[in-house]
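S.K.: Numbering (this note's numbering), first residue to last: 3 to 846.
Cβ coordinates follow ideal geometry from the N, Cα and C atoms, glycine included.
Got a structure here, written out as structure tokens. Questions coming.
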């Protein structure tokens, strides 16, 4: 998305009517999603008592791209966990084999489905370590020496020729391939195709163990056959077969992956049976296809003709938009992107035998039980209930890190992990209706919560930040706020007793930490009431009220109209960050204080508002973007620290972080700031799409000032495929349809007062029903399971607390013009009402 396109998204010009419904239509009929025409219906074993069935992992199964970000490959698992992996490696002109951990080499991906029905990626030899914007930055320094220091000019003059040569070489030697997969053979196999997008390139089709297994392979009649003892039951052998559509230029069996890499890149590799490699030299546009499958008995395959493989892949690709999250208009583009991004980052946990969302590092790392994963679970509910439930169940099945307090589930060293996973568990309940997850997570969350008072240094019921050492960096790690300047000046305070966590206390009573503390108390009370634990609920409700009283008495700065962190001696921490809004999500702010926060601070472009939101430090705070030089005369680069991808000055001193935007958005919705929430969602989405459409990235954080050194809104220092990035984009999906986690569990919210143009999403699953929503300037329609559900005609609307019964419906509605509303009740009758502009409660 170009800067102009992004501004059009924000302004809403030229977008009205895109993807909308014809006037008078009550909405499209949503096709019920099926994993695949040939996907298994039986439930697979998932490991762990009480686990719900996960049809996509019915064994044996094949899943493209779920092994430690081997995005060009596929994982095969038999009933007894015999495991095999296929990878497509790209040989570079320099003799390097790109075969896994392809973050920098991944150029495009999608369409894709989270259950592997179809996946597509484009892999390139150009890792984009040098990009045109890097060169432009250096050229500007050289062209305007009076704007920069002599040292910067000298450095630019020396660096530019080196980077120009690197860039030219990368472009000259660039080779790219497109890899497509579709599940087949009842879900236990795949059909795949690899197409050369450039001339004269080579690929290696590799068959090996995914992790530390010890399979044995042989080649027979051009096919690769494999056997492997089951990890779960070594007495039973699993089987594998791969059949290419045409013979390879060379097929070799190697003793190890290392030998294979050496042998395929010009060296010598020892022969053996651990790895099979099929080498193909391809011309531009040439495609090779193959099929592969696994099973509990010996399997045989016949090559599928290429035209048949292509037809199967095309059919699977079409099924992605028919049965999975998609849409039209600007938000429809977001729906497709979020679906593809989360599908890309879906990985397999070989310990608990579930899928989960990889949080975003560039290689293997397994499930991360920090706060990142809580956002991933909430995001995943929009894409796949199956994936979301697997992911969050995995959190509470995972053993604790060996150096942390022995609580399974969320990481105790990050005090936001427990509250955010409590929020994720509750959101999965309000969105999907699963009580078992609540019952599983509740005792672990209570154990986590009951340790938190050890951080109350003065016994007033509010928590102080833990101490993370003498270094300045990382002092905000307890909240995932790493190097936030809020924590730069806290001082160590000895801690008495506690859980055994060795960190001392500090003298800083932390707004963000206490907002999380209160949020967790409120959510535990809700979970307790759901389970009939009345005494627990009463206890947690009392704690929430106590924290609310304390925060408003101690941490509200009346003079500045902000919630600010405060030192134990009474002095204020003056650094202003988006955490000043966190009391909104926790339900701590009074209505008047909430209004002051939003109108006087959030919407002030001198502080937080603007095209690039929300900066992690207020724009008028002295700490804002204070890590590097500022060059206000530059038309292209306002500031930068280095001229490569090694660092950026903002990070936690200004960069927009998806969890912050999402938290503020949720707080706005809780307090009824629907118009402001929609505007934040639109800005967040525009930043996300800028990086996604331009470079195929969904980065860890976003630049609060355009023109850092790479992109208009995303800094290259951020990880390029970071799962929580989708928290920027799902805000607009939630605008169109969402649960209401702070209200009745069965209540819905839908419609938007401010999203530009006409937007639609379909195949959203909430509480067992499949929804499609279209919202435009005059009409909002909702269908449920393909049938009319709600329609408004007249103006934009935002509907809250929508509860449907057999007798009728109850909801709150805000309309920006007089509007007629129609609702199909649970009994099938249609009821209608006319509402004037403004906010109203409606009973039908």
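According to DSSP, is residue 94 part of a helix, a strand, or is it coil?
M.R.: In the structure shown, residue 94 sits in coil (DSSP, three-state: anything other than H, G, I, E or B).
S.K.: Quick one: Cα of residue 404 to Cα of residue 398, how far?
M.R.: Answer to the nearest angstrom: the Cα atoms are 16 Å apart.
S.K.: Applying the criterion that 16 or more other CB atoms from any shown protein chain within 10 Å of the CB defines a buried residue, is residue 213 buried or exposed?
M.R.: Exposed, since its Cβ has fewer than 16 Cβ neighbours within 10 Å.
S.K.: Return yes when the Cβ of residue 585 is within less than 8 Å of the Cβ of residue 569, no when it is not.
M.R.: No, they are not a contact pair.
S.K.: For residue 81, does the three-state DSSP call read helix, strand or coil?
M.R.: In this structure, residue 81 counts as coil in the three-state DSSP scheme.
S.K.: Which residues in the same chain have their Cβ closer than 6 Å to the Cβ of residue 288, if we skip the five residues on either side of it in sequence?
M.R.: Cβ neighbours of residue 288 beyond the five flanking positions: 198.
S.K.: Under DSSP, the alpha helix (DSSP H) around residue 350 begins and ends at which residues?
M.R.: From DSSP, residue 350 is part of no alpha helix (DSSP H) but of the beta strand (DSSP E) over 348 to 351.
S.K.: Can you round the beta-carbon distance between residue 196 and residue 90 to whole angstroms, since I take them to be within the 8 Å contact cut?
M.R.: Between residue 90 and residue 196 the Cβ distance is about 5 Å, and since that is below 8 Å, they are a contact.
S.K.: Quick one: what's got a C-beta closer than 7 Å to residue 728's C-beta in the same chain, skipping five residues either side?
M.R.: These residues qualify, in order along the chain: 340, 343, 344, 381 and 700.
S.K.: Does residue 293 come out as helix, strand or coil in the three-state DSSP assignment?
M.R.: Residue 293: strand per DSSP, three-state reduction.
S.K.: Rounded to a whole number of angstroms, what is the C-alpha to C-alpha distance between residue 352 and residue 233?
M.R.: Near 10 Å, if we compare the C-alpha coordinates of residue 233 and residue 352.
S.K.: DSSP has residue 522 in a bridge; who is on the other side?
M.R.: The partner list for residue 522 (beta bridge, DSSP) is empty, contrary to what the question assumes.
S.K.: Using a threshold of 8 Å, state whether the C-beta atoms of residue 109 and residue 178 are closer than that.
M.R.: Their beta carbons are under 8 Å apart, which means residue 109 touches residue 178 by this criterion.
S.K.: Within the stretch 501 to 552, note down every full alpha helix (DSSP H) run reaching 4 residues or more, in order along the chain.
M.R.: DSSP runs (the alpha helix (DSSP H)) wholly in the stretch 501 to 552: 513 to 532.
S.K.: Please determine if the stretch 422 to 440 and the stretch 760 to 772 are in contact, where contact requires at least 3 C-beta pairs separated by less than 8 Å.
M.R.: In short, these stretches touch, since the Cβ pair count reaches three.
S.K.: List the endpoints of the continuous alpha helix (DSSP H) containing residue 309.
M.R.: Residues 308 to 325.
S.K.: Buried or exposed: residue 26, going by 16 or more other Cβ atoms within 10 Å of its Cβ?
M.R.: The predicted position of residue 26 is uncertain, since its pLDDT is 26 and thus under 50; a value taken from the coordinates is nonetheless stated next. Exposed is the call here.
S.K.: Distance check for residue 556 and residue 598, CA to CA, integer angstroms please.
M.R.: In a straight line, the C-alpha of residue 598 is about 17 Å away from that of residue 556.
S.K.: Along the chain, where does the alpha helix (DSSP H) that runs through residue 144 open and close?
M.R.: Segment 134 to 145, the alpha helix (DSSP H) holding residue 144.
S.K.: Using a 10 Å radius around the Cβ and a threshold of 16 neighbouring Cβ atoms, would you call residue 223 buried or exposed?
M.R.: By the 10 Å Cβ count, residue 223 comes out exposed.
S.K.: Look at the alpha carbon of residue 619 and the alpha carbon of residue 254, and state the distance between them as a whole number of angstroms.
M.R.: Using only the alpha carbons, I get a separation of about 56 Å.
S.K.: Residue 671: buried (16+ other C-beta within 10 angstroms of its C-beta) or exposed?
M.R.: Buried, by the Cβ-count rule.
S.K.: Alpha carbon to alpha carbon, what distance is there between residue 820 and residue 836?
M.R.: Their Cα atoms are separated by approximately 7 Å.
S.K.: Give every residue of the same chain whose Cβ lies closer than 6 Å to the Cβ of residue 513, excluding the five residues on either side of it in the sequence, and list them in chain order.
M.R.: Excluding sequence neighbours, residue 513 sits near 557, 565, 567 and 581.
S.K.: Can you give me the Cβ contacts of residue 677 inside the same chain, cut-off strictly under 7 Å, excluding the 5 residues immediately before and after it?
M.R.: So the qualifying residues of the chain are 755 and 756.
S.K.: Secondary structure at residue 151, three-state DSSP: helix, strand or coil?
M.R.: If DSSP states are grouped into helix, strand and coil, residue 151 belongs with coil.
S.K.: Could you tell me whether the Cβ atoms of residue 337 and residue 329 are closer together than 8 Å?
M.R.: Cβ distance < 8 Å, so residue 337 and residue 329 count as in contact.
S.K.: If we count the other Cβ atoms within 10 Å of its Cβ and call it buried at 16 or more, is residue 841 buried or exposed?
M.R.: The residue is exposed, with fewer than 16 neighbouring Cβ atoms inside 10 Å.
S.K.: Beta-carbon within less than 7 Å of residue 2's beta-carbon, same chain only, minus the 5 sequence neighbours each way: which residues are those?
M.R.: Given that the chain is displayed from residue 3 to residue 846, the structure contains no residue 2 and the question cannot be resolved.
S.K.: Do residue 753 and residue 731 have their CB atoms nearer than 8 Å?
M.R.: The answer is no: Cβ separation not under 8 Å.
S.K.: Return the residue from the list 812, 300, 587 and 680 that minimises the CA-CA distance to residue 425.
M.R.: It is 587 whose Cα lies nearest to the Cα of residue 425.
S.K.: Rounded to whole angstroms, what's the CA-CA distance from residue 71 to residue 698? Just pull it up for me.
M.R.: Their backbone Cα atoms lie some 16 Å apart in a straight line.
S.K.: Would you grab the beta carbon distance between residue 286 and residue 201 for me? Rounded to a whole angstrom, and I think it's under 8 Å.
M.R.: Indeed they touch by this definition, with Cβ atoms about 4 Å apart.
S.K.: Can we say the stretch 473 to 492 touches the stretch 525 to 538, given the rule of at least three CB pairs closer than 8 Å?
M.R.: No, because fewer than three Cβ pairs between the stretch 473 to 492 and the stretch 525 to 538 fall closer than 8 Å, the two stretches do not touch.
S.K.: With 16 as the cutoff for other CB atoms within 10 Å, does residue 545 come out buried or exposed?
M.R.: Answer is buried; the Cβ neighbour count reaches 16.
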